[in-house]
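Student:
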Amino acid sequence: MASFPSLLESISDLSRTHIDTLLSRAKHFKDNPQLSPLHATPKPIIATSFLENSTRTKHSFAVAIRRLGGLYLDFNAETSSLKKGESLEETFLTLFYQGINLCVYRSSVSHQLSQFRSNLPIKLINGGDGVNEHPTQALLDLFTLQELVPHLMGTTLSIFGDIIHSRVAHSLMKLLPQFGISIILSGPTEYLPNELELPAGVKICKDRNEAILQSDFLYLLRIQKERHAGKPNDHFLNYLEKYGVSLELLKNLNKTIPVLHPGPANIGTELDGKLIRSSLYKGYLQVENSIPMRMAIIEAMLLNNDQNIGKIDGEQF
Ligand code: NCD
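In structure tokens form, the structure reads like this:
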């Protein structure tokens, strides 16, 4: 197997073998909570650097790092020299030469980490970049789906809501079809991608109820207002009735199937309070599963033996 990449920006950075290994390692960590496999001395130090708000992703990385036996450092970009005009590359090189082994980075700029593809200043995991991708969320979602239904081949998952601004949806569209899961996209027309540009295994169904009827799992998204770049986004009257999912709707359609959500959930918009408190809602299972999956991802990257990190590539004297 090709060694695990030192930059995880997109699901496309991983081979099927990498993904299968992560899934089984995550299961091993979940089944054996006493494991703390990073015995190296000095202990690896892993930083998170989040330039956008986060509750789940950042804390789940922090917990995963501690559970692995690594040291966690919360790099506060707001009070760093990034605010004094320092480039991201200089910042990452500084972290690397301070002995930080890996950095999880989140920002509102799509594809920002691509610039480091040929010369990595530090090992990097994308914790969500603009509207582009959120690969670790999609991986923990796949891990959760596999736990719910061990044979995923031939199943269908419908993603509802603000698809075009969802980095989670973009990563799911690259990941799930590799496992034989078909994806249906449904939501307000303004939030749906161009049908002609959809990857294999993904289709659009504008009729929400029809999409639910064809599904084995539902995946709900909030309206991601901060990514709308000034476009009006509060013009949806009765969003829940028209585009959201309530427990009553699922009962009426006789489709009491698992409902996933990456969080944060907006109760009263994309789902109702009864659904989020029902056993159909798997958002808390996703949160729980985020720890073993992120442990698996961090461990794989730390152990990949890549010697080409932090190289200073200018003229040598
Ligand atoms: C998502 C994100 O930040 O992209 N949340 C998450 O990481 N769990 C989804 C969102 O912001 O709506």
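Be aware that the sequence shown starts at 96, since it is given in the numbering used here, and climbs by one per residue.
Ideal Cβ positions, reconstructed from N, Cα and C, are used throughout, including at glycine.
Fair warning: this is a prediction, and the values are worked out from it, not measured in the lab.
(1) Which whole-angstrom value is the C-beta distance of residue 386 and residue 155, which I expect to be below 8 Å?
(2) Less than 8 Å between the CB atoms is what I'm expecting for residue 344 and residue 312, so what's the real figure, rounded?
(3) Put residue 378 into one of helix, strand or coil per three-state DSSP.
(4) Beta-carbon separation of residue 151 and residue 368 under 8 Å?
(5) Are the CB atoms of residue 254 and residue 286 nearer to each other than 8 Å?
(6) Does residue 347 come out as helix, strand or coil in the three-state DSSP assignment?
(7) Are the CB atoms of residue 144 and residue 172 nearer to each other than 8 Å?
(8) Thinking C-alpha only, which one of 176, 140, 305, 274 is nearest residue 295?
(9) Would you list, in sequence order, the uninterrupted beta strand (DSSP E) runs of no fewer than 3 residues that lie entirely inside the region 243-326?
(10) Closer than 8 Å by C-beta to residue 194: which residues in its own chain qualify, once you throw out the five before and the five after it? Chain order, please.
(11) Looking only at C-alpha atoms, which of 337, 162, 341, 333 sits nearest to residue 389?
(12) Contact check, residue 279 vs residue 251 under 8 Å by CB: the rounded distance?
(13) Our contact map puts residue 63 next to residue 315 with C-beta atoms below 8 Å; I'd like the distance itself, whole angstroms only.
(14) Ligand 1 and residue 263: does the residue's C-beta get closer than 7 Å to at least one heavy atom of that ligand?
(15) Taking 8 Å as the cut-off, decide whether the C-beta atoms of residue 147 and residue 223 are in contact.
(16) Is it buried or exposed, residue 127, if we count other Cβ atoms within 10 angstroms and call 16 or more buried?
(17) Using the C-alpha atoms, what's the distance from residue 112 back to residue 98?
(18) Give the straight-line distance between the Cα atoms of residue 131 and residue 164, rounded to the nearest whole angstrom.
(19) Judging by CA-CA distance, which residue of 190, 399, 101 is the nearest neighbour of residue 175?
(20) By Cβ distance below 7 Å, which residues in the same chain neighbour residue 249 in space, the five residues on each side in sequence not counted?
(21) Out of 324, 338, 291, which has the shortest C-alpha to C-alpha gap to residue 305?
(22) For residue 334, does the three-state DSSP call read helix, strand or coil?
(23) Are there any heavy atoms of ligand 1 lying less than 7 Å away from the beta-carbon of residue 229, as far as the coordinates show?
Tutor: Taking the definition as stated:
(1) By 1-based counting over the sequence shown, the position of residue 386 is 291. By 1-based counting over the sequence shown, the position of residue 155 is 60. About 6 Å; that satisfies the 8 Å criterion.
(2) Mapped onto the sequence shown, residue 344 falls at position 249. Mapped onto the sequence shown, residue 312 falls at position 217. For a cut-off of 8 Å, the C-beta gap from residue 344 to residue 312 is around 15 Å, too long to register as a contact.
(3) The count along the sequence shown starts at 1 and reaches residue 378 at position 283. Three-state DSSP puts residue 378 in a helix.
(4) The residue given as residue 151 occupies position 56 in the sequence shown. The residue given as residue 368 occupies position 273 in the sequence shown. No. Outside cutoff.
(5) Locating residue 254 in the sequence shown gives position 159, counting from the first residue. Locating residue 286 in the sequence shown gives position 191, counting from the first residue. Cβ distance not < 8 Å, so residue 254 and residue 286 don't count as in contact.
(6) Position 252 of the sequence shown holds residue 347. DSSP places residue 347 in helix when its eight states are reduced to three.
(7) Along the sequence shown, read from residue 1 onward, the residue named residue 144 stands at position 49. Along the sequence shown, read from residue 1 onward, the residue named residue 172 stands at position 77. Yes; because the gap between Cβ atoms is below 8 Å, this pair is in contact.
(8) Taking the first residue of the sequence shown as 1, we reach residue 295 at position 200. Checked all of 176, 140, 305, 274; the closest Cα to residue 295 is 274.
(9) You should have 251-255, 277-281, 297-299, 312-315.
(10) In the sequence shown, residue 194 corresponds to position 99, counting from 1. 137, 140, listed in sequence order.
(11) By 1-based counting over the sequence shown, the position of residue 389 is 294. Checked all of 337, 162, 341, 333; the closest Cα to residue 389 is 162.
(12) As a working note, residue 279 is residue 184 in the sequence shown. As a working note, residue 251 is residue 156 in the sequence shown. That pair is a contact at about 6 Å.
(13) The structure shown does not extend to residue 63, since the chain is modelled only from 96 to 412, so the question has no answer here.
(14) Locating residue 263 in the sequence shown gives position 168, where the first residue counts as 1. The answer is yes for residue 263.
(15) On the sequence shown, position 52 is the one that residue 147 refers to. On the sequence shown, position 128 is the one that residue 223 refers to. A contact, by the Cβ cut-off of 8 Å.
(16) Looking up residue 127 in the sequence shown gives position 32. Per the 10 Å Cβ criterion, exposed.
(17) Along the sequence shown, read from residue 1 onward, the residue named residue 98 stands at position 3. Along the sequence shown, read from residue 1 onward, the residue named residue 112 stands at position 17. Those two C-alpha atoms are separated by around 10 Å.
(18) Mapped onto the sequence shown, residue 131 falls at position 36. Mapped onto the sequence shown, residue 164 falls at position 69. Using only the alpha carbons, I get a separation of about 5 Å.
(19) Start at 1 with the first residue of the sequence shown, and residue 175 comes out as number 80. That would be 190, whose Cα lies nearest to the Cα of residue 175.
(20) Position 154 of the sequence shown, counted from the start, is the residue given in the question as residue 249. Answer for residue 249: 275, listed in chain order.
(21) Translated into positions along the sequence shown, residue 305 becomes position 210. Across the set 324, 338, 291, the C-alpha of 338 shows the shortest separation from the C-alpha of residue 305.
(22) Here residue 334 refers to the residue found at position 239 when the sequence shown is read from its first residue. It is helical.
(23) In the sequence shown, residue 229 corresponds to position 134, counting from 1. At least one heavy atom of ligand 1 is nearer than 7 Å to the Cβ of residue 229, so yes.
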